[in-house]
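A short write-up of the structure that comes next.
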Amino acid sequence: MDVAAAGADATVQTNNVQAGEISCEFLAKKLGGKGNVVIENGPQVSAVIDRVNGCKSVLSKNPGIKVLSDDQDAKGSREGGMNAMQGYLTRFPKLDGVFAINDPQAIGTDLAAKQLHRNNIVITSVDGAPDIETALKTDTMVQASASQDPWTMAQQAVGVGHDIMNGKKPANPTILLPSTLVTRDNANSYKGWSSPR
Numbered sequence: 153m154d155v156a157a158a159g160a161d162a163t164v165q166t167n168n169v170q171a172g173e174i175s176c177e178f179l180a181k182k183l184g185g186k187g188n189v190v191i192e193n194g195p196q197v198s199a200v201i202d203r204v205n206g207c208k209s210v211l212s213k214n215p216g217i218k219v220l221s222d223d224q225d226a227k228g229s230r231e232g233g234m235n236a237m238q239g240y241l242t243r244f245p246k247l248d249g250v251f252a253i254n255d256p257q258a259i260g261t262d263l264a265a266k267q268l269h270r271n272n273i274v275i276t277s278v279d280g281a282p283d284i285e286t287a288l289k290t291d292t293m294v295q296a297s298a299s300q301d302p303w304t305m306a307q308q309a310v311g312v313g314h315d316i317m318n319g320k321k322p323a324n325p326t327i328l329l330p331s332t333l334v335t336r337d338n339a340n341s342y343k344g345w346s347s348p349r
């Protein structure tokens, strides 16, 4: 569950390519299709690779957007995002947007920008985690997160696991769940990670 695993009978996970796409579509739109951005990468597991590939596919369709960096591993953590962003802001005097591969990195990225008195940076990410739900109701520079749905992911994984134990393998061993974008505009109606379905 959650990332591709060699030899697994089935994997239930977010459509991470789509998550990267919708997060970066929002980023590109907010920037009016132009500006300097970084893709704040993370540990090289299938979910992260897919998110980055989805983001890159969208940004490549916006010739006015220049990707300044896409290979720094911010470790999937708040501290990693903060450290990476401090480096970006030191290296790049003009930075308009950041795609962080997950919400903890995005929160750390926002903290670093605030500490260095840099404003007006659009930050997007992936997860739709409770911390982002809360942050979207504040003055954070994180403006959107492509959601994951752990509740549904777990329900489907249990069902698929039950079927496999009873001799019924899924037609496709990779089951992708769609992602929706959580923004300030829809954060109040978003069914977060712990909401029953």
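Going from the sequence shown to our numbering is simple: count from 1 and add 152. Virtual Cβ for every residue (Gly too), placed ideally from N, Cα, C.
- Message: Give me the DSSP bridge partner(s) of F251.
- Response: I191 and T276
- Query: For D222, which option in A252, K289 and P322 has the closest C-alpha, if you only look at C-alpha atoms?
  - Reply: A252
- Message: Using the three-state DSSP reduction, which class does L329 fall into: helix, strand or coil?
- Response: strand
- Can you give the Cα-Cα distance for V294 and I275, rounded to whole angstroms? The straight-line gap from Cα to Cα measures roughly 4 Å.
- How many Å lie between K246 and A158 at the Cα? 41 Å
- Query: So, helix, strand or coil for V219, using DSSP?
  - Reply: Three-state result, V219: strand.
- Mind reading off the beta-carbon distance from A180 to I217? Whole number of angstroms is fine, and I expect it under 8 Å. 6 Å
- Out of curiosity, what's the CA-to-CA distance linking V189 and S277? 13 Å
- Message: Quick test of your reading: A298 and S341, contact by CB under 8 Å. State the CB separation rounded to the nearest angstrom.
- Response: The Cβ separation is near 16 Å, so there is no contact.
- Apply the 10 Å Cβ neighbour rule to E231 and answer buried if 16 or more other Cβ atoms are within range, or exposed otherwise. By the neighbour-count criterion, in which a residue is buried when 16 or more other Cβ atoms sit within 10 angstroms of its Cβ, E231 is exposed.
- Query: Shortest alpha-carbon distance to T304 belongs to which of L220, A265, P325 and G344?
  - Reply: G344
- Message: Could you give the first and the last residue of the continuous alpha helix (DSSP H) run that contains Q300?
- Response: Neither: Q300 is in no alpha helix (DSSP H) and is coded neither H nor E.
- When you compare each of T242, D248 and N254 to P195 by their alpha carbons, which one comes out closest? N254
- Item | Reduced DSSP category for T290 - H, G, I as helix; E, B as strand; rest coil | DSSP places T290 in coil when its eight states are reduced to three.
- Message: Using a Cβ-Cβ cutoff of less than 8 Å, which residues in the same chain neighbour D424 once the five nearest sequence positions on both sides are dropped?
- Response: Since the first and last residues shown for the chain are 153 and 349, residue 424 lies out of range.
- Of the choices K289, T163, G185 and V310, whose alpha-carbon is the least far from that of R336? Out of K289, T163, G185 and V310, K289 has the C-alpha closest to the C-alpha of R336.
- Query: Between P161 and the rest of its own chain, which residues show a CB-CB distance below 7 Å, the 5 nearest in sequence each way excluded?
  - Reply: The residue asked about is misnamed: residue 161 is Asp in this sequence, not Pro. Same-chain partners within the cutoff: I316, K321 and P325.
- Whole-angstrom distance between I327 and N168, CA atom to CA atom: 11 Å
- Item | Run of the beta strand (DSSP E) containing Q165, from where it starts to where it stops | From DSSP, the beta strand (DSSP E) with Q165 extends over T163 to T166.
- Of the residues E192, E173, T261 and T163, the one placed nearest D225, counting alpha carbons only: D225 has its Cα closest to that of E192, out of E192, E173, T261 and T163.
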